[in-house]
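Participant:
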Amino acid sequence: MHYFTSITANYLPKARALARSVKRHNPRAVFHLVLCDHLPESVDPAAEPFDSIVYVTDLDIPDLDAWIFKHSVVELCTAVKGRAFLKLFERTGAEKLIYFDPDIIVLYVLDDLEKLLDSHAVILTPHQVEPDQTHEAIVDNEICSLKHGIYNLGFLAVRRDEDGLRFLQWWADRLLHYCYDDIPNGLFTDQRWIDLAPAFFDAIHILRDKTYNVATWNLSHRPVTIDNGQLQIDGAPIKFFHFSGFDSGAQEIMLKRYAGDNQALFDFRQWYIDELNDMGQDKFGKMPCIYGFYSNGKPIAGSHRRLYRARQDLIAAFPQPSVDDGPTTSFYRWLTHQKLLEAPVVIPENEARDTQQYLTAVLNSWSWRLTRPLRWLKQVGMGR
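Under this note's numbering, the first residue of the sequence shown carries the number 1349, and numbering increases by one thereafter.
1. Compute every distance between the C-beta of S1400 and the non-hydrogen atoms of the ligand SAH, then say whether any falls below 6 Å.
2. How would you write the range of the alpha helix (DSSP H) that L1461 sits in, first residue to last?
3. Could you pull out every residue in the same chain whose Cβ sits closer than 7 Å to the Cβ of G1430, ignoring the five residues on either side in sequence?
4. Assign A1357 to one of three DSSP states: helix, strand, or coil.
5. On the DSSP bridge list, what partners appear for R1572?
6. In whole angstroms, give me the CA-to-CA distance for F1377 and K1687.
7. Would H1685 be called buried (16 or more neighbouring beta carbons within 10 Å of its own) or exposed?
8. What distance in whole Å lies between the Cβ atoms of L1381 and T1353, which are believed to be in contact at a cut-off of 8 Å?
9. Output the distance between the C-alpha atoms of D1292 and D1622, rounded to the nearest integer angstrom.
10. Applying the criterion that 16 or more other CB atoms from any shown protein chain within 10 Å of the CB defines a buried residue, is D1488 buried or exposed?
11. Please go through the same chain and pick out, in chain order, the residues whose beta-carbon is closer than 8 Å to the beta-carbon of D1408, but skip the five residues on each side of it.
12. Could you tell me the distance, in whole angstroms, from the CA atom of T1537 to the CA atom of D1399?
13. Are the C-beta atoms of H1419 and some chain D residue less than 7 Å apart?
14. Which stretch, first to last residue, makes up the alpha helix (DSSP H) that contains R1439?
15. Is I1581 closer than 7 Å to K1558 when the C-beta atoms are compared?
16. If the criterion is Cβ atoms closer than 7 Å, does the pair H1590 and A1547 meet it?
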């Protein structure tokens, strides 16, 4: 069975921990690394737990420089996943391929997944498989899924047949053009697209087994126990655990909220911290991605990426937008000339929502309506 993950260099410790965990429980596993970055000079590929490394430059993406520039690091690592599936199928001849997010740890043999792929072309895991009951859990879990996607794309299994390839070609195309963190416009990287997949494709299996893709967003219905060092749910071994939100601190906050006094889960989290330290977290964890900077060393702001991808004239004028090579060909210098180099002030979402509600109330108020003719008269010069 073949597996892969997609990272930038700062996630190398997590990818190492993932690959080791896959091979620990599945000795015949072949593990591939998709790298949206340069490999650090100190890293010897032959000494890594990866059987191959595929670079973003290997994925046959048209207008690659411009395409990369349009994406943040998270958007980039998710946008390549469809193409990576297709490229790995092409390169390896594998019949079955599983993607894992780098912040996953495999805890058990995955033979059952391989058997499921005998009868299904695509396997998905939902964030939740039963309704929550409390207001807090509904907001944290169900409403969060409505924003970010019903299915968690930290895991995806695909079989290389007509149905699997048809699904991948559709998904890869959508990710090529529309893989952005843009929740107000219905997008969240690669995940929201998969909400449509069960309606579009017959060969999709929704895996509801609670021992797969265990994470803080489903702990409200998955009481974890430990037996002889093995984490279990309802007496069955957990197949893999997802440490989503680990770096931001969200995983720890949600773990405290939904694990209660379950010491086994907090011990497991500490084990993961120790494992990442052993894998080089101190050395690599804060390493910046090479695609985060202009050629002059200045950081690329998110506002620069969004402006560039929104305007076809800029895409046409600056096909290599990260390269600062001259006054007429440099997107960086164009931004400087237009006084757009500094990122605009971004109002936090909750403050923006409150402000919008206040302004809506003002516009709908009687006082605003009654004074509308006076404002018009003043505007045309008759109310001075």
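The beta carbon of each residue, even a glycine, is placed where N, CA and C say it ideally should be.
Facilitator: Let me lay it out:
1. Questions concerning the ligand SAH fall outside what the structure shown contains, since it holds no ligand whatsoever.
2. Segment D1459 to S1467, the alpha helix (DSSP H) holding L1461.
3. L1516, W1519, A1520 and L1523
4. helix
5. Note on identity: in this sequence residue 1572 is Val, with Arg being the wrong assignment. BP columns for V1572 point to I1581.
6. Note that residue 1377 is Ala in the sequence shown, not Phe. Between A1377 and K1687, the C-alpha separation is close to 52 Å.
7. exposed
8. 6 Å
9. Coverage of the chain is limited to positions 1349 through 1732, which leaves residue 1292 absent and any answer about it impossible.
10. buried
11. Here the set comprises R1431 and K1435.
12. 27 Å
13. Going by chain labels, chain D is absent from the structure shown, which holds only one protein chain.
14. Here the alpha helix (DSSP H) through R1439 covers K1429 to T1440.
15. yes
16. no
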